[in-house]
Amino acid sequence: MPELIDISIKNQVLEYRGKSGEVLACYPISSGLNGVGEQEGSYQTPRGLHKIRAKIGAGLPENAILVARRFTGELYTPELHKLYPGKDWILTRILWLSGCEIGKNRLGSCDTMRRYIYLHGTPDSTPLGGEPASKGCIRMRNRDIIELFDAVPVYTPVVIRED
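With our numbering, the residue at position 141 of the sequence shown is 156, and numbering never jumps.
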């Protein structure tokens, strides 16, 4: 069995599992505020089997601000949050997901990659591990996304499940 990222929407937890299924790391997350679903424009977190299609942000400093998958040259600060209080910040690293199930999360209006669904860093002040709050992505602590990013290769399987 390959290494696996296992995300529980119900528990708001991401487990990184080794080749024999053992839990190597466990992180609190926040998934989509609008619940789960696969349709484009829904701002829901897609379910099912995915894979990491791209890793973006290697070597960037913690709190690096990413817009359209590019480093802006700025670092997130509480002062920036005050200027843009409703912004959904994408920070530090991106693990860009691609769906593996045609008609469910791949191709057409349900395509995870075309929906720009990521595992990504978020401000440290963002609550994680409780209620869903993102726009469909999986938010993680910056230090956690750095650790996971460094541990997993491209094409690592990712399962997103409701239970």
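For glycine and all other residues, C-beta sits at the position ideal for the given N, C-alpha and C. Quantities reported herein were computed from a predicted structural model and do not represent experimental measurements.
Helix, strand or coil at residue i [DSSP, three-state]
| i | result |
| --- | --- |
| Ile44 | coil |
| Glu94 | helix |
Backbone CA spacing between residue i and residue j [nearest angstrom]
| i | j | result |
| --- | --- | --- |
| Ile105 | His135 | 6 angstroms |
| Ile67 | Lys119 | 17 angstroms |
| Asp103 | Ser149 | 7 angstroms |
| Ala40 | Glu30 | 6 angstroms |
| Gly33 | Tyr170 | 15 angstroms |
| His65 | Arg129 | 13 angstroms |
| Val180 | Ile117 | Because the chain is modelled from 16 through 178, residue 180 falls outside the range shown and cannot be assessed. |
| Met155 | Arg84 | 16 angstroms |
| Tyr131 | Ser35 | 30 angstroms |
| Cys115 | Glu53 | 12 angstroms |
| Gly56 | Leu48 | 13 angstroms |
| Leu112 | Tyr58 | 15 angstroms |
| Pro76 | Gly101 | 23 angstroms |
| His96 | Thr141 | 11 angstroms |
| Pro93 | Thr127 | 31 angstroms |
Distance CB(residue i)-CB(residue j) smaller than 7 angstroms
| i | j | result |
| --- | --- | --- |
| Gly144 | Gln27 | yes |
| Lys70 | Glu177 | no |
| Ser46 | Pro172 | no |
| Phe42 | Asp139 | Contrary to the premise, residue 42 reads as Tyr rather than Phe in this sequence. No. Outside cutoff. |
| Ile175 | Ile22 | yes |
| Tyr99 | Asn78 | no |
| Ile20 | Gly72 | no |
Neighbour-count burial assignment, residue i, 16 or more Cβ in a 10 Å radius
| i | result |
| --- | --- |
| Ser124 | exposed |
| Gly74 | exposed |
| Ala166 | exposed |
| Leu122 | exposed |
| Thr107 | buried |
| Gln51 | In the sequence as presented, Gln is not what sits at residue 51; that position holds Val. Classification of Val51: buried, given that the 10 Å Cβ count is 16 or more. |
| Gly88 | exposed |
| Pro61 | buried |
### Query
Which ranges would you report for the beta strand (DSSP E) in the region 117-164 if only whole runs of at least 3 residues count?
The qualifying runs are 133-137 and 153-156.
### Query
At what residue ranges does the region 64-116 contain a whole run of the alpha helix (DSSP H), taking only runs of 4 or more?
Complete alpha helix (DSSP H) runs here, min 4: 93-98.
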